[in-house]
Amino acid sequence: MSQTPTLSPAAAERVRWIAQRQDKPAILRLSVEGGGCSGFQYKFDLADAPDGDDTVTETDGARLVIDPISLDLVAGSTVDFVESLGGAAFRVENPQAAAGCGCGSSFGI
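Encoded structure:
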């Protein structure tokens, strides 16, 4: 099993959709920051290009880029895009997360 995080097909489609409307490349940057209700929180941004030390994976024409520090915290994860009555959002399915919160954007290891 690969430890490199990946985008689900639904997330890749959403990244392409957002990037097209913002006239940017279909590159989603996932980073992890301290804070949130469980210790760490995920941050998503569109990137213009990967940085030289980023890990890059591609799904259906959309790329996911992750910096080396964040990579250890999200190894083996899948970034998905989910729509529900509560709204639509990118979610990280992180096998390392020992704790999480209801919002889905914060986790603990």
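The opening residue of the sequence shown carries number -15 in this note's numbering; numbering runs sequentially from there. Every residue gets a Cβ at the ideal spot worked out from N, C-alpha and C, and that includes glycine. Bear in mind the structure is a predicted one, so any value in this text is a computation, not a measurement.
Beta-carbon gap between residue i and residue j smaller than 7 angstroms
i, j, result
"residue 49", "residue 72", "no"
"residue -7", "residue 61", "no"
"residue 54", "residue -1", "no"
"residue 37", "residue 52", "yes"
"residue 96", "residue 44", "Lying outside -15 to 93, the shown extent of the chain, residue 96 is not represented and no answer is given."
"residue 58", "residue 47", "no"
Beta bridge counterpart(s) of residue i as assigned by DSSP
i, result
"residue -10", "62"
Integer-rounded CB distance, given that residue j should sit under 8 angstroms from residue i
i, j, result
"residue 166", "residue 66", "With the chain covering only -15 through 93, there is no way to say anything about residue 166."
"residue 11", "residue 33", "7 angstroms"
Mind listing, in chain order, the continuous beta strand (DSSP E) runs of no fewer than 3 residues lying wholly within the segment 0 to 80?
11 to 18, 24 to 30, 39 to 43, 46 to 50, 62 to 68, 71 to 77
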